[in-house]
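Heads up: the sequence shown runs through residues 16 to 147, numbered per the numbering used here.
Note that beta-carbon positions come from the ideal geometry of N, C-alpha and C, so glycine has one too.
Since the structure is predicted, the reported quantities are computational estimates derived from the model, not experimental observations.
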Amino acid sequence: MFILICLDDKNGMMFHNRRQSQDRGLRAYIRQLIGDARIYMNQYTRKLYREFPQAVVCEDFLFRARAGDYCLVEDQKLCPVEDRIEKIYVFRWNKVYPADQTLDLSLDDWTLESSREFDGSTHRILQETYIR
């Protein structure tokens, strides 16, 4: 599976029980990235990402997704499914928030395949792509 995740510069995922980003440009970019592919998410994420008609919405989506499926993660632990992850797309924007949930796996164990910047609707966004 391919993980899509927004992190701050210290790998924070959530701060004050809120998501890292609501950037319209990021959502449009993700739509272009995945094309017509299926994308898994939970109900919390679906509230913001309604423009994905191919979304599969369920609370245990990380356990249901198969090889080649995209998973949009905002508030889930990845360690329980790390052995099934093929690629991780990390989106950052040079900020640090007082995180109350952080990424639970180490990106040091992954290889940075590529990185690129693009314009979001409110700020520049860095995409880092990690592979095993």
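Check	Outcome
Start and end of the beta strand (DSSP E) containing F67?	From DSSP, F67 is part of no beta strand (DSSP E); its letter is neither H nor E.
From R53, R39, G40, pick the residue whose C-alpha is nearest to that of I18; which is it?	R53
Would you call the CB atoms of I146 and W125 closer than 8 angstroms?	yes
Can you tell me which of the three DSSP states T60 falls into?	helix
DSSP three-state label for A114, please.	strand
Over the uninterrupted alpha helix (DSSP H) stretch that includes L41, give me the two end residues.	39-49
Identify which residue in I103, P68, R39, L48 has its Cα closest to the Cα of L118.	I103
Indicate whether L63 and G135 have their beta-carbon atoms separated by less than 8 angstroms.	no
Please report the Cβ distance between D75 and M29, rounded to the nearest whole angstrom; I am assuming they are in contact, meaning their Cβ atoms lie under 8 angstroms.	Not confirmed; about 19 angstroms, so no contact.
Spell out a yes or no on whether the segment 79-97 and the segment 107-114 are touching, meaning 3 or more CB-CB pairs, one atom from each, closer than 8 angstroms.	no
Please classify Q35: is it buried, with 16 or more other beta-carbons within 10 angstroms of its beta-carbon, or exposed?	buried
Considering only DSSP beta bridges, list what T126 is partnered with.	I146
So, with DSSP's three-state summary, where would you put D84?	coil
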